[in-house]
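Peer 1: First the structure, then my questions, so here it is.
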Amino acid sequence: MSYIDAAATRMQINKSRKSGFTLVEIMIVVAIIGLLAAIAIPNFVKARSASQKAACIANLKQIEGAKATWALEQKKVNTDTPTDVVNGFNMAANLWSATLVDNITININVGLENISNPSIIGETSCSWLNPTNSSATYTSFVNALQSHSRSADDASAYAHLQSGPTYSRWINGTTDNPNGDGSLTPYNDTMNWVGITTANGKALGLTLDDPSFSASDGTIKFSTQWTNRFDYAHGLTIQSDKIDFVGAAAHEIGHLLGFSSGVDDLDSLYYTIYRGAGTNFSSNAIDFFRFSSLSLSNGLPDYTVGTGYKYFSVDGGSNAIAAFSTGVYLGDGSQASHWTNASPRVGLMGPKAGDGEKLDITQTDLRAIDVLGYSLIPEPSSFLLVLFGALLCFRGRRRSINPTG
Ligand SMILES: [Zn+2]
1 MSYIDAAATR
11 MQINKSRKSG
21 FTLVEIMIVV
31 AIIGLLAAIA
41 IPNFVKARSA
51 SQKAACIANL
61 KQIEGAKATW
71 ALEQKKVNTD
81 TPTDVVNGFN
91 MAANLWSATL
101 VDNITININV
111 GLENISNPSI
121 IGETSCSWLN
131 PTNSSATYTS
141 FVNALQSHSR
151 SADDASAYAH
161 LQSGPTYSRW
171 INGTTDNPNG
181 DGSLTPYNDT
191 MNWVGITTAN
201 GKALGLTLDD
211 PSFSASDGTI
221 KFSTQWTNRF
231 DYAHGLTIQS
241 DKIDFVGAAA
251 HEIGHLLGFS
261 SGVDDLDSLY
271 YTIYRGAGTN
281 FSSNAIDFFR
291 FSSLSLSNGL
301 PDYTVGTGYK
311 YFSVDGGSNA
321 IAAFSTGVYL
331 GDGSQASHWT
341 NASPRVGLMG
351 PKAGDGEKLD
361 ITQTDLRAID
371 VLGYSLIPEP
381 SSFLLVLFGA
391 LLCFRGRRRS
401 INPTG
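This is the structure:
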């Protein structure tokens with residue numbers, strides 16, 4: 001039943017190199033599987049008990065309106081889907097490849113599955129460095145980041161990281177909260193390991209659990225209910241009654257690259273027997289750049305659940321670059337592994353997609369990916385702009401969001 005075991009139907013696609021500048025090879029292994037029973041939810045809960053392994057975040061995009069239309073369409077079977085999906089994923093991979101210079105290969109299993117919840121377009125599960133791997137220690141993480149410091153953002157962000165073998169963060173909702181079991185009052189908690197996706201680990205040059213690099217870096221599944229609802233072209237505009245498939249796929253790849261917050265673990269486990277102590281929740285890589293007004297007092301990143309304002313910062317929280325979402329259950333209704341859903345849209349890693357909306361990587365997306373340890377192409381060349389002019393939209397937005405009291 002699993003994707004990876006479906007060897008007979010697996011098809012390997014080697015993406016053709018589009019230009020000399022695209023040094024990231026995101027290889028896509030496509031497993032097209034038809035109408036499997038939806039098994040995501042029970043496995044999801046079970047895997048969460050491991051606290052880290054399954055963190056990377058599902059249920060991306062919910063459609064905003066026009067639900068009646070596709071209720072009819074979802075009964076259709078589109079036999080052209082595999083080609084559309086494969087081509088769409090290659091385009092999505094190219095969007096990232098065109099922005100990054102890291103010479104790594106990321107393996108992604110891609111498939112279709114009958115996801116019963118009609119509001120879910122797709123699901124992503126990331127592969128993570130094993131927490132027992134010495135590469136997953138905070139010390140290794142910081143050393144790797146600093147050795148991959150290339151940009152001004154990197155220099156600033158890493159200079160504000162805590163020194164020593166452990167880190168502290170604001171956290172709440174845990175069983176060992178000194179304010180009471182499950183209290184949402186924030187407290188300081190100390191940890192020594194970090195949640196790092198294997199894709200991110202590659203970018204950081206960390207020793208992976210599978211040094212051959214042959215293991216999957218994650219699985220992305222799209223719902224068969226949605227295949228007729230996608231615009232696969234990612235052209236200048238998206239059809240007004242369809243979702244941008246290439247943008248949605250690039251969004252999912254963004255989670256695999258490391259845009260995935262451990263706060264979603266805390267949020268989703270809050271009501272379950274698995275929720276556990278603070279030590280069950282490592283901060284993920286991106287969580288070291290997640291701050292709130294609490295951070296202004298002591299510079300610690302904010303790992304708490306709840307609706308309070310959380311923002312991306314590369315200077316220890318002094319200046320906000322963009323707001324994050326804060327959680328499905330205890331937060332604002334969207335997974336914390338996203339930018340805020342408030343308008344204007346921050347970037348590709350926003351939580352929702354609407355009909356006719358083109359989803360593109362923005363400068364703010366790239367700043368986040370940059371400080372995770374990836375290296376950006378400094379300036380898009382004119383060649384790339386021609387080649388990808390219709391695909392990339394560098395909005396150059398650097399609006400500042402000041403922390404609220
Ligand atoms: Zn997402």
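Numbering of the sequence shown is given in my numbering, commencing with residue 1 and proceeding in unit increments. Positions of the beta carbon are idealized from the N, C-alpha and C atoms, including for glycine.
Say the cut is 8 Å; is the CB of T124 nearer than that to a heavy atom of ligand 2?
Peer 2: This structure does not include ligand 2; its bound ligands are ligand 1.
Peer 1: Count Cβ pairs between the region 242 to 252 and the region 348 to 367 that sit closer than 8 Å; are there 3 or more?
Peer 2: Touching, yes.
Peer 1: Should E357 be listed as close to ligand 1, given that the test is whether its C-beta is under 8 Å from any heavy atom?
Peer 2: Answer for E357: no, Cβ out of range of ligand 1.
Peer 1: Helix, strand or coil for L95? Go by DSSP, reduced to three states.
Peer 2: Three-state DSSP puts L95 in a helix.
Peer 1: Provide the residue span of the alpha helix (DSSP H) that contains D153, from first to last.
Peer 2: It spans A152 to A159 - the alpha helix (DSSP H) in which D153 sits, taken as one unbroken run.
Peer 1: Distance check for L300 and T362, CA to CA, integer angstroms please.
Peer 2: Near 27 Å, if we compare the C-alpha coordinates of L300 and T362.
Peer 1: Give me the residue from H255, Y303 and S127 with the minimum Cα distance to G350.
Peer 2: Checked all of H255, Y303 and S127; the closest Cα to G350 is H255.
Peer 1: Nearest-angstrom Cα distance between S223 and S163?
Peer 2: Taking the straight line joining both Cα atoms gives about 44 Å.
Peer 1: On the three-state DSSP scale, how would you describe R367?
Peer 2: Three-state DSSP puts R367 in a helix.
Peer 1: Using the C-alpha atoms, what's the distance from T340 back to G347?
Peer 2: Their backbone Cα atoms lie some 9 Å apart in a straight line.
Peer 1: For a minimum of 4 consecutive residues, which ranges assigned as the alpha helix (DSSP H) are wholly contained in the region 226 to 282?
Peer 2: The qualifying runs are 245 to 257 and 263 to 269.
Peer 1: For Y311 versus G317, is the C-beta distance shorter than 9 Å?
Peer 2: Contact: yes.
Peer 1: Leaving out five residues before and five after S375 in sequence, what residues of the same chain have Cβ atoms less than 6 Å from its Cβ?
Peer 2: For S375, where only same-chain residues beyond five positions count, the Cβ hits under 6 Å are V101, D102 and R150.
Peer 1: Look at the Cβ atom of Y138, then the Cβ atom of Q146, and state whether they are nearer than 9 Å.
Peer 2: Cβ atoms of Y138 and Q146: not closer than 9 Å.
Peer 1: Report the residue from A323, D209 and N172 whose alpha carbon sits nearest the alpha carbon of N280.
Peer 2: Comparing Cα positions, the closest option is N172.
Peer 1: Hey, I321 and R367 are a contact pair by Cβ (cut 8 Å); roughly how many whole angstroms apart?
Peer 2: Yes, I321 and R367 are in contact; Cβ-Cβ is about 6 Å, under 8 Å.
Peer 1: When DSSP builds the beta bridges, which residues end up paired with S125?
Peer 2: DSSP lists T219 as partners of S125.
Peer 1: Kindly examine ligand 1 and report whether one of its heavy atoms sits closer than 8 Å to the Cβ of S223.
Peer 2: No - ligand 1 has no heavy atom lying nearer than 8 Å to the Cβ of S223.
Peer 1: Please return the same chain residues whose Cβ sits closer than 8 Å to the Cβ of G182, not counting the five positions on each side in sequence.
Peer 2: Cβ neighbours of G182 beyond the five flanking positions: G173, T174, T175, Y270 and R275.
Peer 1: Looking at the strands, I want to know which residues DSSP matches up with R169.
Peer 2: Looking at the DSSP assignment, R169 forms a beta bridge with D189.
Peer 1: For ligand 1, is there any heavy atom lying closer than 8 Å to the beta carbon of S337?
Peer 2: It does: the Cβ of S337 is within 8 Å (strictly closer) of some heavy atom of ligand 1.
Peer 1: Relative to ligand 1, is the shortest distance from any of its heavy atoms to the C-beta of E113 smaller than 8 Å?
Peer 2: Because no heavy atom of ligand 1 lies under 8 Å away, the Cβ of E113 does not count as near it: no.
Peer 1: Does the Cβ-Cβ distance between A215 and D209 come in under 9 Å?
Peer 2: In contact: A215 and D209 (Cβ atoms closer than 9 Å).
Peer 1: Could you give the residue range of the alpha helix (DSSP H) that holds G201?
Peer 2: First-last of the alpha helix (DSSP H) with G201: T198 to A203.
Peer 1: In whole angstroms, give me the CA-to-CA distance for S337 and W128.
Peer 2: So the alpha carbons of these two residues sit roughly 15 Å apart.
Peer 1: Taking its Cβ as the centre, do 16 or more other Cβ atoms sit within 10 Å of S260, making it buried, or is it exposed?
Peer 2: Buried, because 16 or more other Cβ atoms sit within 10 Å of the Cβ of S260.
Peer 1: Just curious, the alpha helix (DSSP H) that V110 is in, first and last residue?
Peer 2: Looking at the DSSP string, V110 is not in any alpha helix (DSSP H); the run it does join, the beta strand (DSSP E), is T105 to E113.
Peer 1: Quick one: what's got a C-beta closer than 7 Å to L294's C-beta in the same chain, skipping five residues either side?
Peer 2: Once the five neighbours on either side are set aside, the close Cβ partners of L294 are W170, P186 and D302.
Peer 1: May I ask you to report which of helix, strand or coil DSSP gives Y311?
Peer 2: Strand.
Peer 1: Express the C-alpha separation of Q335 and V328 in angstroms, rounding to a whole number.
Peer 2: Distance between the alpha carbons of V328 and Q335 is about 5 Å.
Peer 1: Under 8 Å: does the beta carbon of D191 sit that close to some heavy atom of ligand 1?
Peer 2: Per the sequence presented here, residue 191 reads as Met, with Asp not at that position. Not under cutoff, so the answer is no.
Peer 1: Let me check one thing: in DSSP terms, what residues is I322 bridge-paired to?
Peer 2: Reading off the sequence, residue 322 comes out as Ala, not Ile. Answer by DSSP bridge pairing, in chain order: F312.
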